[in-house]
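So the structure is just underneath, and the comments pick up after that.
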Amino acid sequence: MLVSLVHYAFPFSSRPFLKYVDLSMNNLSGTIPPEIGNLTNLIYLDLSMNQISGTIPPQIGSLARIQALHIFENHLNGSIPEEIGYLRSLTELALSTNFLNGSIPPSLGNLNNLSHLYLYENHLSGSIPAEIGNFSISLKLIFNDNNLIEEIPSSICNLTSLTVLDLSRNILKGKILQCLGNISSLQYVMMSHNNLSGELPSSIFNLTSLQILDLGRNNLMGAIPQCFGNMSGHLEVLDMKHNNLSGTLPATFSIGSALRSFNLHGNKLEGNIPQSLENCQQLEVLDLGDNLLNDTFPMWLGTLHELRVLSLRLNKLHRPIRSSGSEHMFLELLIFDLSHNDFSKNLPTSLFQHLKAMRTIDQTSKEPRYRGDSYYHDSVMVSSKGLELELLQILTIYTTIDLSNNKFEGYIPSIMGILLRFAF
1 MLVSLVHYAF PFSSRPFLKY VDLSMNNLSG TIPPEIGNLT NLIYLDLSMN QISGTIPPQI
61 GSLARIQALH IFENHLNGSI PEEIGYLRSL TELALSTNFL NGSIPPSLGN LNNLSHLYLY
121 ENHLSGSIPA EIGNFSISLK LIFNDNNLIE EIPSSICNLT SLTVLDLSRN ILKGKILQCL
181 GNISSLQYVM MSHNNLSGEL PSSIFNLTSL QILDLGRNNL MGAIPQCFGN MSGHLEVLDM
241 KHNNLSGTLP ATFSIGSALR SFNLHGNKLE GNIPQSLENC QQLEVLDLGD NLLNDTFPMW
301 LGTLHELRVL SLRLNKLHRP IRSSGSEHMF LELLIFDLSH NDFSKNLPTS LFQHLKAMRT
361 IDQTSKEPRY RGDSYYHDSV MVSSKGLELE LLQILTIYTT IDLSNNKFEG YIPSIMGILL
421 RFAF
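Position one of the sequence shown corresponds to residue 1 (the UniProt record's numbering), numbered consecutively onward.
Structure, rendered in C-alpha cells:
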C-alpha cells in the first residue's frame, strides 16, 4: 500500500528536535513537503527507495546540521536546488536513480566536508562545475548515466583523497587529464561510453592503488604505454574496448599479476599476443577480438586455470592449432571464440577434450549470476545466428564455441557432440 509522504508534514512541523529520520523502503509516494526545512536539528535523513515524486524543495537548505542526505531511487524531477550548497556539515549526498535534470549546481563546491557524492542515473546536463574540486575530503564521485557534456575540469585533480571516479555513459569530450596520475588514492576510474579523445596519459599507469580502469567506447588513440605491465600487480580490470588504440600489446605482465579482466576488443592493435600474459594466473576474461593481431594460436593460454572467456575473433591469426600434451588446459573455459581468422588444417581433438566446464552444468550453483562486481560487469561480443551481439553482462552459465570463418579441414572431432553449444 502506498503511503503519501505529505501525511508526514505535520510531524515534521511539530518535531523540530528530530535528529534521525529513516523512512527508506516504505513504498512512500507523494512529494517532499517544504515543512521538512523545520527539522533544523536533523543529522540524518533517508527517504531512499520509495516512490516519492516532485521536486526537491529549496527549504532543504535549512537543514544546517545534516550530515547524510539520501533520496536515491525515487521519482524526483526538476533540478538540484542551489540551497543544498548551504549544508556545510554534509558528508554524504545521494540523489542517484531519479529523474533530476538541469545542471549540477556550482554551490555544491561549498560542501567542504563532502566525502560521497552520488548523482548517477539521472538526466543531468551541462558541464561538471569546476567548484567540484573544492571538496577537501571527497572519496567518491559517481556521476555515471547522465547527459554531462564538455571537458572534465582539471580541478578534480585537487581531490587528493579520491578513491572512486565514475563518469561513464555521459557525453564528455576532450582528453583524459594527465594530473589524474597524481591522485595516488584512486582505486576505480570509469569513463566508458563518452567522447574522450587523445592519447592515454602515461601518468595513469603510475597509480599504485588502481584496481579498475574502464575507458571503453571512447575515441582514444595512440599506443598503450609499455609501462602498463608495471601495474598488473594490483590492477584487476583493464577495459579499453572500442577505441582507436594502435601499436602492440604491452609485453611486461609481471609474475603475481592481479589482472582478472582484460578487454581490448575493437581497436587497431597488431603484432603478437605476449607470452607474459602467462603471468596473469587470475585472468578470467581475455577479449582481444576485432584487432589486427598476427600470430598463431597461443596454446599456452590454457595454463590460465581461471580463464572463462577467451575471444580472439576478427584478427589475422593463422596456421594450424597444434595439440597440447597437457590434460589440464582450458578446463574452466565457457566462451571460446576464434571466428574470422585464418586458422587452417584439422581441429585438434585434444583441445576440445580439455573443455571440462563446457561438458557439465554446475548443479551446486543456486542461481545464475553475472561476471564482475558492483562497480564493473564483464561484457563480450558474440555472434548468434549471423548477428553480432554484445553481451553487456555475462551470465556464469552462458557457454559458446565459435570457430566459423576460418580454413579448417577434415572431420569435426566427435568430442564436440557433448559440448553444450558450438558454431562453425
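All C-beta atoms, glycine included, are put in the ideal place defined by N, C-alpha and C.
Here the structure is a predicted model, which is why all the values come from computation and not from measurement.
Exercise for the section: From the DSSP output, in three-state form, read off asparagine 405 for me. Expected result: coil
Handout entry: Residue span of the beta strand (DSSP E) that contains phenylalanine 205, given as start and end
Key = Looking at the DSSP string, phenylalanine 205 is not in any beta strand (DSSP E), and its letter there is neither H nor E.
Practice task
Spell out a yes or no on whether the stretch 379–387 and the stretch 327–346 are touching, meaning 3 or more CB-CB pairs, one atom from each, closer than 8 Å.
Solution key: yes
Exercise for the section: Would you grab the beta carbon distance between asparagine 101 and serine 79 for me? Rounded to a whole angstrom, and I think it's under 8 Å. Expected result: 6 Å
Exercise for the section: Rounded to whole angstroms, what's the CA-CA distance from glycine 109 to glycine 85? Just pull it up for me. Expected result: 7 Å
Exercise for the section: With a 10 Å radius around its C-beta and 16 neighbouring C-beta atoms as the bar for buried, classify tyrosine 20 as buried or exposed. Expected result: exposed
Problem - leucine 200 versus asparagine 122 - alpha carbon distance - result: 29 Å
Exercise for the section: Return helix, strand or coil for phenylalanine 228, following the three-state DSSP convention. Expected result: helix
Exercise for the section: Counting only the same chain and skipping the five closest in sequence on each side, list residues whose C-beta sits under 7 Å from that of asparagine 206. Expected result: Gly181
Exercise for the section: With distances taken Cα to Cα, identify the nearest neighbour of aspartate 287 among His242, Gly410, Gln51 and Ile66. Expected result: His242
Practice task
Have a look at leucine 331 and serine 276 and give me their C-alpha separation to the nearest angstrom.
Solution key: 20 Å
Exercise for the section: Could you check if serine 184 is buried or exposed, using at least 16 other CB atoms within 10 Å of its CB as the buried criterion? Expected result: exposed
Problem - For threonine 296, the three-state DSSP class (helix, strand or coil) - result: coil
Practice task
Could you tell me whether the stretch 391–407 touches the stretch 212–224, where touching means 3 or more Cβ pairs closer than 8 Å?
Solution key: no
Handout entry: Per-residue burial, glycine 417 [other beta carbons within 10 Å of its own, 16 or more giving buried]
Key = exposed
Problem - Span separating the alpha-carbon of histidine 305 from that of tyrosine 398 - result: 18 Å
Handout entry: Nearest residue (CA-CA) to methionine 191, options Ile212, Cys179 and Ser202
Key = Ile212
Problem - leucine 148 and isoleucine 176 closer than 8 Å at C-beta - result: no
Problem - Simplified DSSP state of isoleucine 149, which is helix, strand or coil - result: strand
Exercise for the section: For glutamate 73, count neighbouring C-beta atoms within 10 Å of its own C-beta (all shown protein chains included) and say buried if the count is 16 or more, exposed if not. Expected result: buried
Practice task
Note down, in chain order, each residue of its chain lying with its Cβ closer than 7 Å to the Cβ of proline 413, except the 5 sequence neighbours on either side.
Solution key: Leu347, Thr349 and Phe352
Problem - Alpha-carbon spacing of proline 274 relative to proline 298, whole angstroms - result: 9 Å
Exercise for the section: Within the stretch 39–82, note down every full beta strand (DSSP E) run reaching 3 residues or more, in order along the chain. Expected result: 44–46 and 68–70
Handout entry: Proximity winner among Leu235, Ser246, Asp239 and Leu310, relative to glycine 256 (alpha-carbon distances)
Key = Leu235
Exercise for the section: Please classify glutamine 363: is it buried, with 16 or more other beta-carbons within 10 angstroms of its beta-carbon, or exposed? Expected result: Caution applies to glutamine 363, whose pLDDT of 49 falls short of 50 and renders its modelled position unreliable; the model cannot decide the point.
Practice task
Count the other CB atoms, across all protein chains shown, that sit within 10 Å of the CB of proline 151; report buried if there are 16 or more and exposed otherwise.
Solution key: First, the residue type needs correcting, since residue 151 is glutamate and not proline in the sequence shown. Exposed.
Handout entry: Backbone secondary structure at glutamate 284 - three-state DSSP
Key = coil
Handout entry: Cβ-based burial, phenylalanine 143 [other Cβ within 10 Å; buried from 16]
Key = buried
Practice task
Could you spell out where the beta strand (DSSP E) holding serine 384 opens and where it closes?
Solution key: 380–384
Problem - Exposed unless 16 or more other CB atoms sit within 10 angstroms - verdict on methionine 25 - result: exposed
Practice task
Using the Cα positions of phenylalanine 424 and asparagine 194, report the straight-line distance between them to the nearest angstrom.
Solution key: Caution is warranted here: a pLDDT of 46 is assigned to phenylalanine 424, below 50, making its placement in the model unreliable, and the coordinate value is therefore given only provisionally. So the alpha carbons of these two residues sit roughly 35 Å apart.
Handout entry: Euclidean distance between Cα positions of leucine 307 and isoleucine 66
Key = 48 Å
Practice task
Identify every residue that forms a DSSP beta bridge with proline 320.
Solution key: Ser344
Exercise for the section: Express the C-alpha separation of valine 189 and lysine 163 in angstroms, rounding to a whole number. Expected result: This sequence places threonine at residue 163; lysine is not what is there. One C-alpha to the other measures close to 8 Å.
Handout entry: the ligand COA heavy atom lying under 7 Å from the CB of leucine 165
Key = Because no ligand of any kind appears in the structure shown, any question about the ligand COA cannot be addressed here.
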